[in-house]
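Comments concern the structure below.
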Amino acid sequence: MAIRVHTLAKELSVKSKAILDKCQAEGLDIKNHMSILSAGLEATIREWFSEGDHATTQETADRVDLEKVKEKPRRRKKKPESPEDESAEAGEEPEADVFEESDAVTVEASAAEEAPAAEVEAAPTEAAEAEAPADPEAAVEVEAEAAPAEEAPAAEAEPIEASAEAVEAEAPAEAAPVAEAEPEKPREPVKPVGQAHVPAPAVLQGPRVVRMDKPEVVRRPGPARQGPPRPPSSSGGPVETSLPSTGRGPRRPGRAGEAPAEDEAAKKKAKSRFHPRRGRVGDAVEQIREWRDKDLLERSQRLAAAADHPQMVRKTETRKVGGRQREAKPTKIQVTDPMILKDFCAATGLPFNRLFPKLMELGLPATINQAITGEQAEMLALAFELEVEVVRQKSRYEELVYQFEQRERTNVKPRPPIVTFLGHVDHGKTSLLDRLRHARVAQGEAGGITQHIGAYRYEHDGRAVVFLDTPGHEAFTALRARGAQMTDIVVLVVAADDGVMPQTVEAISHAKAAEVPIVVALNKVDLPNADFNRIYGQLAEHQLAPSEWGGETDVIKTSAVTGEGMDSLIEHLYTLSELLDLKADPDGPAAGVVIEARQDLTRGPVADVMIREGTLKVGDVIAAGRGFGRVRAIFNDLGKSIQSAGPATPVEILGLDEVPDAGEHFYGVADLQTAKGIAEEKRQEDQQNTWMTRPKVTLENIFQQVEAGQVKQLNIIVRADAQGSVDVLRTKLEELSTDEVHVRILHVGTGGITEGDVLLAEASEAIVIGFGVVADDAARGKAHELDVQIKTYTVIYHLIEEISQAIEGLLEPTYQQTVKGRATIKEVFKVSRVGTIAGCLVNDGQIERSAKIRVIRQNVIVREDASLESLKRFKDDVREVRQGLECGMKIAGFDDLKEGDVIEAYEMVEVARKLQSAGSS
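My numbering puts the first residue of the sequence shown at 94, with every later residue one more than the last.
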């Protein structure tokens, strides 16, 4: 059975974010915490986050008290008086090699390695006998472990100096307190979130020495080792401490002279491990520190990823040049958008004096405290061959959205489906809803068409469905797209007598873009001219093959007049909603979408919202785009006042300080201060976008306008009853602009026309348009006084048509040539002091005295745009000569006439331009 991400996270006791990060790291397309997981993927995630997979990622070794096991200062004794004492001194040397190799070495091993040292003493002192371990089993165990340890060829061994045996006497005395140390109990490992690849257990035990090769002797200059001098040997030579024998078991005192070659190898190894500052175990300490640092770095990165607070660790390569370390510049840096130049210098490691010439070259801000954008930072970094990653800082609104997405849903319950009706205008969407709700909404709408988004809740047999009714007119594309985005199921209404129309195709595209299931309601099946097969074919052309044809799209035949198919439609929606498994958490603050918003004269800003999650109560503080406030009242779709509303409930709320944009998301917040900060950020962002999109005036484009002629402009102030209508009108009116006439929207708003709108229109020579609203008395009086035109509309058809006509009136007209008649020259007469006279026969139409004349010779125009100086019929001047008659014509300023030429009379007719022709030109 499929399961959602947040449900699985709750079962595994991890955060949803952890599962999402893990899936994204593995290349799985899991979008959010509400995504549905398949059975196989669920099993995989359970394996990732099971108990056994992550316990091995923690430190399993016992903690060791470094103060107890660290090397103790060597105590030098006086010259021994007997050979037994000399052999005892030589036994101290293994202490240097028994130094802990890692932080994970156990205390028992340290005690066991030192136990055999007590057995090699011939005549121990009384104090040493009291402290030496007497457990023979420990000695046997260490001998067994030391067998594969350091082994050197017997041929190279040399006898150990007798004086070195005296050093060994100190080993049992120092090993006793170490053996008494009790290891601490291991800490309970913290189970982090899953990783892309679970690493092997990080047990810091160091490498096990299998054999000891001869290391390279590297000596560093340093101060001489301070401390008491070593006692001289019995032979008078210098005393040299050496590594213990690498044979099986500890060396006995009586075997000192049996292997002379072994002693020389031990001396060389002791010298190679000698450090002037740290002693002979300096190399081991350096190796231990390297392992520890690597492990701490890996552990910090692991824990940072588990806590979802990644730390930026910058690794810089070091190069050794000329005996000193040089730090290389980072090749990739992170910059914010925007970013102060001072911070940019700190992130890149470049001084400002190096950046300054490049800033001047690129034309960027040239002071260290000025800000640059992310794109400018990329340009600057590219100039220095650096790779940058622009990280945009999250706003308060984005942080709020992130908190709502990540909050834990503890009381998830099924919710009603949200169904949106889409389709062409006048196909019966609102009529179907009226039939379901037993209402008459369509009759009360202007022009009989829907011009707003309506939301209704329908309940039947204890089950509920929320319906959204969207406009079908072509101007309301944005409203249809918004309705498709906030829905769960789309009902595509198609009239049986009309078929698939342009807005039907557009609705199909919106539904597919929203990735929601589509149910086709074939309406008006009661009409006699319904052709089902034709409509099925049209639906199949748009990838909506009907189920009757073997497709996957359900087509339900309905009639809003007779009620046919209404029960089948409701049952189908119920079944589909159960398959979608729609759920929401009614607990916690509310979140939803603004369906529509408007300015009411008596109640102030009013917003129609759809609650998607949580519960909205009277008194809650919400932030909705540019608006915020405390909810003063809540009304359901029937207009009744209620105190709270749960998920999938359309309500009308009061209390916002400003009308929000339709389609904005709203969220419940803790206090008014937080909501105000979010709204202020949104307002500043909108203002910045407005200034960025506003065309800039420069000298160049001013001269271009002067050369091309003055561009005409139509200024308009728009007032509407709802915010959604305002957006639609703004878009449609701006689309009417042409190259010659520019439509400029000076101001838009919701609510009635005010006196301020009239004053603004008078100052800017604009007209005021009201859609669904009227002007108050003060505004009408001021408009009459200032001669400002106010036009009000209730149907968007009429508004667009009249504005189009007004724009067409500002367009320059076009001229077309209309041929009036044609005449052929039969004979040419030349009259002194008059010029050339053409004797003509009118072949077609009529020749008028006021017409324009064109002379054509062998189908080539030899004279254009000429006029008649005289037109005579016999000796009389006439105004026109009809077809079949002869006449004499004198063309003004043109005497190059020949027999056979054709004289064509035409006139220029002025034709008013339409917006379609203006837009195409």
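Virtual Cβ for every residue (Gly too), placed ideally from N, Cα, C.
{"Asked": "Run through DSSP, which three-state label would residue 634 get?", "Found": "helix"}
{"Asked": "Taking only three categories from DSSP, how would you classify residue 483?", "Found": "strand"}
{"Asked": "According to DSSP, simplified to helix, strand and coil, what is residue 447?", "Found": "helix"}
{"Asked": "Would you report the Cα separation of residue 709 and residue 685, rounded to the nearest angstrom?", "Found": "10 Å"}
{"Asked": "Residue 98 to residue 882, Cα distance in whole Å?", "Found": "59 Å"}
{"Asked": "Run through the region 684-746 for me and flag every whole beta strand (DSSP E) of 3 or more residues, listed as ranges in chain order.", "Found": "684-693, 697-706, 714-717, 720-728"}
{"Asked": "Look at residue 974 and residue 935 and say whether their C-beta atoms are less than 8 Å apart.", "Found": "yes"}
{"Asked": "How far does the alpha helix (DSSP H) with residue 598 in it extend, from its first residue to its last?", "Found": "595-607"}
{"Asked": "Using only CA atoms, which one of 893, 508, 517, 522 lies nearest to residue 557?", "Found": "508"}
{"Asked": "Are the region 683-701 and the region 755-770 touching by the rule of at least three beta carbon pairs closer than 8 Å?", "Found": "yes"}
{"Asked": "Quick check on residue 437: does DSSP put it in helix, strand or coil?", "Found": "helix"}
{"Asked": "In this structure, how does DSSP classify residue 962 when only helix, strand and coil are distinguished?", "Found": "strand"}
{"Asked": "Between which residues of its own chain and residue 912 is the CB-CB distance below 8 Å, once the five residues before and five after are set aside?", "Found": "938, 997, 998, 999"}
{"Asked": "Once you ignore the five residues that flank residue 977 on each side, which residues in its own chain have a CB closer than 7 Å to its CB?", "Found": "935"}
{"Asked": "When DSSP labels each residue in this structure, what does residue 1001 get in the three-state scheme?", "Found": "strand"}
{"Asked": "In or out: residue 479 buried (at least 16 other Cβ within 10 Å) or exposed?", "Found": "buried"}
{"Asked": "Please name the residue, chosen from 612, 1003, 837, 667, that lies closest to residue 640 on a Cα-to-Cα basis.", "Found": "612"}
{"Asked": "Could you compute how far the alpha carbon of residue 842 sits from the alpha carbon of residue 813?", "Found": "7 Å"}
{"Asked": "From residue 195 to residue 455, what does the alpha carbon distance come to, in whole angstroms?", "Found": "Per-residue confidence for residue 195 stands at a pLDDT of 40, beneath the threshold of 50, marking its modelled position as unreliable; no derived number is given."}
{"Asked": "Considering only DSSP beta bridges, list what residue 939 is partnered with.", "Found": "975"}
{"Asked": "Consult DSSP for residue 653 and reduce its assignment to one of helix, strand or coil.", "Found": "coil"}
{"Asked": "Starting from the Cα of residue 465, find the closest Cα among 494, 439, 430 and give me that residue.", "Found": "430"}
{"Asked": "Counting Cβ pairs closer than 8 Å, one from the region 849-866 and one from the region 728-746, do we hit at least three?", "Found": "no"}
{"Asked": "Determine the contact status of residue 126 and residue 109, defining contact as a CB-CB distance below 8 Å.", "Found": "yes"}
{"Asked": "Identify every residue that forms a DSSP beta bridge with residue 907.", "Found": "1004"}
{"Asked": "Using a Cβ-Cβ distance under 8 Å, would residue 721 count as near chain C?", "Found": "Annotation note: the requested chain C is absent from the structure, which comprises a single protein chain."}
{"Asked": "Determine the DSSP secondary structure at residue 427, reduced to helix, strand or coil.", "Found": "strand"}
{"Asked": "Note the first and the last residue of the continuous beta strand (DSSP E) segment covering residue 840.", "Found": "834-843"}
{"Asked": "Going by beta carbon distance, what residues of the same chain come within less than 6 Å of residue 594, once the five residues before and after it are set aside?", "Found": "517"}
{"Asked": "Whole angstroms is fine: what's the gap from residue 432's alpha carbon to residue 780's?", "Found": "21 Å"}
{"Asked": "Taking residue 35 as part of the beta strand (DSSP E), name the residues at either end of that continuous run.", "Found": "It is not possible to answer for residue 35, since the shown part of the chain is limited to 94 through 1014."}
{"Asked": "Pair every Cβ in the region 945-961 with every Cβ in the region 861-879, then say whether three or more of these pairs are closer than 8 Å.", "Found": "no"}
{"Asked": "Between 598, 918, 651, 664, which has its C-alpha nearest residue 636's C-alpha?", "Found": "598"}
{"Asked": "Measure from the alpha carbon of residue 922 to the alpha carbon of each residue in 990, 966, 909, then state which is nearest.", "Found": "990"}
{"Asked": "Which complete beta strand (DSSP E) runs does the region 859-889 hold, if anything under 3 residues is left out?", "Found": "859-864, 883-886"}
{"Asked": "In chain order, what residues of the same chain have a beta carbon less than 6 Å from the beta carbon of residue 122, not counting five sequence neighbours either side?", "Found": "none"}
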